[in-house]
Each structure stands twice: as structure tokens, then as C-alpha cells.
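Everything on this sheet refers to the single structure shown next.
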Amino acid sequence: MALHATLPPLRGRVTPDAPLAPFTWFRVGGPAEWLVRPTDADGLLLLLRDLPDAVPLTVVGAASNLIIRDGGVRGAVLRLAGRGFGEVLVEADGIIAGAAALDAVVAEHAAAVGLAGLEFLSGIPGSIGGAVAMNAGAYGREVVDTLDWAEVATPAGLLRLSAGDLHFAYRRATLPARGVVVRARFHAQPGDTAAIAAEMARIRAAREATQPVRARTGGSTFKNPPGQKAWALVDAAGCRGLARGGAQVSELHANFLLNTGGATAADLEGLGEEVRARVLAQSGIGLEWEIKRIGEVTA
1 MALHATLPPL RGRVTPDAPL APFTWFRVGG PAEWLVRPTD ADGLLLLLRD
51 LPDAVPLTVV GAASNLIIRD GGVRGAVLRL AGRGFGEVLV EADGIIAGAA
101 ALDAVVAEHA AAVGLAGLEF LSGIPGSIGG AVAMNAGAYG REVVDTLDWA
151 EVATPAGLLR LSAGDLHFAY RRATLPARGV VVRARFHAQP GDTAAIAAEM
201 ARIRAAREAT QPVRARTGGS TFKNPPGQKA WALVDAAGCR GLARGGAQVS
251 ELHANFLLNT GGATAADLEG LGEEVRARVL AQSGIGLEWE IKRIGEVTA
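Be aware that the sequence shown starts at 1, since it is given in UniProt numbering, and climbs by one per residue.
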């Protein structure tokens, strides 16, 4: 109960030894030592202000691009959800979205009022907080191309940071220490409603045809090396369909790992490392993980 005693009073829930696997798209992983779900930004700011530095803090959003290891996660695991973090506001030239709002939902809000430029979000699994934190992108655009600002909760208070302040790079943003994205504004421009709908339909169809969207997966496993496609390197190394335990490299898209049923986090991560080793041996290129892996490895 030591950690619980250090937490400030907040509107929300604090749950010890909380299962995390049900939140993840892979459906694997051990529990959180403490799962903290504040109701609103004020509660989050109090938590960040008063949580001792010695207590690890891990933020879990939609968990679409995440492997939680089988030994679970120590310290406080923060999950933003509900009305306090999921609101989407439509403006004349953009959208303000809470960190828990799903990327596809934000794209749908923009399309409904004829705002163009955010269609690419419909092709990104996950939520806005994670999209900002990793500069998510798909179909030729990235968050950096459309972000005006992000509000980030920190132990010192709430900051509003521009795209420049976040120093975006490929699949990376630089957040302040213990910074948590609360909401963000994306600019858009008036467009033809039919054309916007057609582009979103094209993206959905492309995903359905080329990605295992209905499987227990985690999105793109590895980053694309400069001038290369990760899936092509994996395929060339003979890894399409490769399996370990209940984990498998997708037959449909070689840059996706699957939990075919009964996989452990160790199966998935071990398979990913085997793929990296085979690609390095075949091409001399070291693939970098795009999927984030957190937590403790079991003995």
C-alpha cells in the first residue's frame, strides 16, 4: 500500500495489481502494480505534481502499438479514458481532440463538417495522445504535418507546446519529463465533402486489403529504415509466416506480428527479435522496433 498512500486524492480510480492485457490490442502481458485512471486534467496534474520521483510512471493509451511484458509493469500505470479526455471540438479551420479520442473518430468528425487534411488519421489505429507522442503517420502524412499545438500535463503544470517545441522526428516526439499529452489541435481546411469521404473510403479499403486489421496485432512492428520498407526486408529474409509459440508474422503484411491465440508477450517479442536477426544477416540492415515494449520479463 506504500504507493497508494503517496497518491493525492483524485477523481478517478486507483486499482492495485490491475490486469493490463485486456486493454492491449495484442491481449497479452502482466498486471500494473497500480493502475491510475484520473477523471479529468485537474486530477492528472495533481498526480504528476505529487507522485514521488522514485515511483515509475508509465502512460498507456489505446495500447494499439504496445507489448506489455509478462511480468507486468512496476509503479503507476496511467490510462486516460472517458469524457474528461475524449472530447472532440470542431472549429472552422481545425479540430481540438482529447488524448483519449481515437484517431479514426477525429477523422470522422472532420469529414462530417467538410474539413480536409485529416483523412490520414482514419488509417492510424490508436488515440490522439499516442499519435502525438510518436508522431504517428500513414498514407503520406504525419502528425507533424497538421498539429498546431498540444497541451501537455507535467509535474510543473500544464504546457501548450507547438509542433516546433515537440521536435518531431520519424515516429518520435520530445515531451517534457513525465509529460502526458492531454489534448491537441490539428489544422484543416474546408474541402469537398464527397472527396473527403472518398479518400477515407480509399484508406479503409487499402487497410482491409493489405493489413490484418481484424487480428490481435499491434500495428507496424518495425520502423521503415531510410529508403527502405520494413515489410520488404522482413519478406526478403524469409520471415513471412514465421511463428514462435502463439505468435506469428502475418502472411498478409510481413511488418505485422499476430497473436494467433495463446501467445505470450515473450513469444511476440522473441519472434520480433528473431526477425530482426534474420533481416540483419540477410541485408545488413538493423531494424528498429516501432512497437513499444514495456514492463518486466518473467524468469
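We treat Cβ as the ideally placed atom computed from N, Cα and C, and that holds for glycine. Please read these numbers as outputs of a predicted model, since none were measured by experiment.
- Distance from the CA atom of V297 to the CA atom of A194, rounded to whole angstroms, is 49 Å.
- Here L48 carries a helix assignment [DSSP, helix/strand/coil].
- When the Cα atoms are used, R207 and R214 turn out to be separated by approximately 10 Å.
- Judged by beta-carbon spacing, G137 lies beyond the 8 Å limit of G71, meaning their Cβ atoms are not closer than that value.
- If you draw a 10 Å sphere on the C-beta of R183, you find 16 or more other C-beta atoms in it, and that means buried.
- Remark: C-beta atoms of L20 and V59 do not approach each other more closely than 8 Å.
- Between A110 and L102, the gap from beta carbon to beta carbon reaches 8 Å or more.
- A residue is called buried when at least 16 other Cβ atoms come within 10 angstroms of its Cβ; E251 does not meet this threshold and is exposed.
- Between F26 and G218, the C-beta spacing is below 8 Å.
- A Cβ-Cβ distance of about 12 Å is found for the pair L48 and V181, leaving them out of contact under the 8 Å criterion.
- By the neighbour-count criterion, in which a residue is buried when 16 or more other Cβ atoms sit within 10 angstroms of its Cβ, G262 is exposed.
- DSSP places A281 in the uninterrupted alpha helix (DSSP H) bounded by A265 to S283.
- Around the beta carbon of D267, a 10 Å sphere encloses 16 or more other beta carbons of the protein chains shown; the residue is thus reported as buried.
- G98: member of the beta strand (DSSP E) spanning G94 to G98, first to last residue.
- Under DSSP, S127 forms a beta bridge with L102.
- For I294, the closest C-alpha among the options L51, F23, I67 and T24 is that of I67.
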